[in-house]
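Written out below as structure tokens is the structure these notes cover.
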Amino acid sequence: MEGPLGKLYSIPASILMVIGIGISAFLFYSLMKAAESGNLVLVILLAIAISIVAIVISRAIKFQKMKDW
């Protein structure tokens, strides 16, 4: 697979899960800090970032599983 996510699709699924959990945990922590300070725009942007990370990781794992078939 070519493109900007080509290398991401070649990483093993277990490492992708660890990377995804780490990035999501950091973004969620940042979201909570922004919520405590009352910054609504940053809370919304971080929530969108968390969902983008989840979508990219799930598509990469799905691509790997489909490639195994």
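With this note's numbering applied, the sequence shown corresponds to residues 957 to 1025, in that order. No residue lacks a Cβ here, since even glycine has one placed at the ideal position from N, Cα and C. Values in this document were obtained by computation on a predicted structure and should not be read as measured data.
- If you draw a straight line from the Cα of Leu-1001 to the Cα of Phe-984, it is about 11 Å long.
- Put simply, the stretch 965 to 979 touches the stretch 1013 to 1021. At least three CB pairs are less than 8 Å apart.
- Around the Cβ of Leu-987, a 10 Å sphere holds 16 or more other Cβ atoms; the residue is buried.
- DSSP places Leu-964 inside the alpha helix (DSSP H), whose first and last residues are 962 to 966.
- Contact check for Leu-972 against Ile-1017 passes: the beta carbons are separated by less than 8 Å.
- Minimum Cα-Cα distance from Ser-980 among the listed residues Leu-964, Ala-1003, Ser-993 corresponds to Ala-1003.
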